[in-house]
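In this note's numbering, the protein residues as written are 465 to 784.
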């Protein structure tokens with residue numbers, strides 16, 4: 465949403481389209497703005513695609529053909545990020561503007577990721593920094609405001625008491641009873657995520673695929689009514705939870721289960737407001753072992769009864 469003009473070593477930025485986007489977000493009650501990743505996925509090895517206008521012609525200046533630590537790109541960021549924040553001041557609270565370094569960096573990229581995080585942090589001031597990852601060592605090396613951790617790897621983060629944790633799942637979380645929303649999973653396994661997120665005090669939840677109706681890497685468009693696995697790239701159900709309709713998206717059963725999961729979460733938060741978090745957890749875990757991301761009762765009856773207990777506890781608290 466930024467139009468960029470390059471003149472020698474200098475850049476000029478127009479944020480008119482971003483301004484229009486901000487007005488749309490404000491109109492619809494959006495509270496946070498999320499900036500695109502400043503470096504490529506899986507370890508920040510390259511730069512994202514950036515098109516500029518130079519000498520009257522459009523040019524792809526940066527992309528996967530440019531090393532992430534190139535001085536040209538660093539110089540671009542030194543000019544772009546301050547200009548962006550200066551534009552946003554007065555238009556949006558900067559503590560609600562989220563930046564990213566790289567999506568799902570691996571532990572073997574820790575040195576580069578740490579260097580780039582240290583480079584970016586002074587340029588974005590106190591704006592939140594968030595990335596999805598699985599490595600505890602990598603997370604410790606980064607100055608993340610909100611670490612977003614894959615559910616299969618979240619144990620060490622919980623044990624260490626890492627603050628402001630988010631959780632996420634994608635195509636890899638299919639073993640050991642982990643919640644997900646794949647076609648082959650029972651509804652309970654999809655819906656349980658709301659109670660798990662509450663039980664472990666997660667600040668947020670991430671999943672990447674709302675309406676990804678493409679093959680892997682967006683090479684081809686697909687018909688999601690016929691192709692459910694991005695042309696054998698992901699488990700069926702990973703890439704989308706809605707279908708294209710004439711009057712807007714058509715919900716799937718899995719989307720309805722996710723709605724119920726977050727209604728469970730909101731009900732527990734309401735009970736917490738009324739009676740405290742310890743009481744809410746006692747109601748949730750009545751006569752069972754503590755709920756984890758892999759261990760929980762596996763029957764529909766238990767989940768429905770748990771929700772009914774929560775509802776009754778809320779009603780009783782309101783009566784008093």
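Ideal Cβ positions, reconstructed from N, Cα and C, are used throughout, including at glycine.
Quick check on residue i: does DSSP put it in helix, strand or coil?
i: residue 630; result: strand
i: residue 597; result: strand
i: residue 475; result: strand
i: residue 738; result: helix
i: residue 468; result: strand
i: residue 494; result: coil
i: residue 685; result: strand
i: residue 704; result: strand
i: residue 647; result: coil
i: residue 544; result: helix
i: residue 722; result: helix
i: residue 674; result: coil
What first and last residue would you give for the beta strand (DSSP E) that runs through residue i?
i: residue 611; result: 610 to 614
i: residue 517; result: 514 to 518
i: residue 534; result: Counting along the chain, residue 534 falls outside any beta strand (DSSP E), and DSSP gives it neither H nor E.
i: residue 755; result: It is not in any beta strand (DSSP E) - residue 755 carries neither H nor E in the DSSP assignment.
i: residue 481; result: Here residue 481 belongs to no beta strand (DSSP E); instead the alpha helix (DSSP H) covers 480 to 491.
i: residue 623; result: That residue, residue 623, is in no beta strand (DSSP E); its alpha helix (DSSP H) goes 619 to 623.
Considering just the uninterrupted stretch of the alpha helix (DSSP H) at residue i, what are its terminal residues?
i: residue 558; result: It is not in any alpha helix (DSSP H) - residue 558 carries neither H nor E in the DSSP assignment.
i: residue 769; result: 764 to 783
i: residue 743; result: 741 to 748
i: residue 669; result: Per DSSP, residue 669 belongs to no alpha helix (DSSP H); it is in the beta strand (DSSP E), 668 to 670.
i: residue 526; result: Unbroken run through residue 526 is the beta strand (DSSP E), 521 to 526; no alpha helix (DSSP H).
i: residue 575; result: 574 to 588
i: residue 660; result: 657 to 663
Pick out whichever of the options has its Cα sitting closest to the Cα of residue i.
i: residue 513; options: 502, 738, 557; result: 502
i: residue 620; options: 597, 634, 497, 587; result: 597
i: residue 668; options: 642, 638, 594, 754; result: 594
i: residue 570; options: 529, 539, 591, 613; result: 613
If residue i and residue j are in contact, beta carbons under 8 Å, what's the gap, nearest whole angstrom?
i: residue 748; j: residue 663; result: 7 Å
i: residue 854; j: residue 544; result: Lying before the first or after the last residue shown, residue 854 is absent from the chain, which here runs from 465 to 784.
i: residue 583; j: residue 660; result: About 36 Å; that fails the 8 Å criterion.
i: residue 694; j: residue 674; result: 14 Å between Cβ atoms; not a contact.
i: residue 497; j: residue 565; result: Contact flag wrong, Cβ pair sits at about 17 Å.
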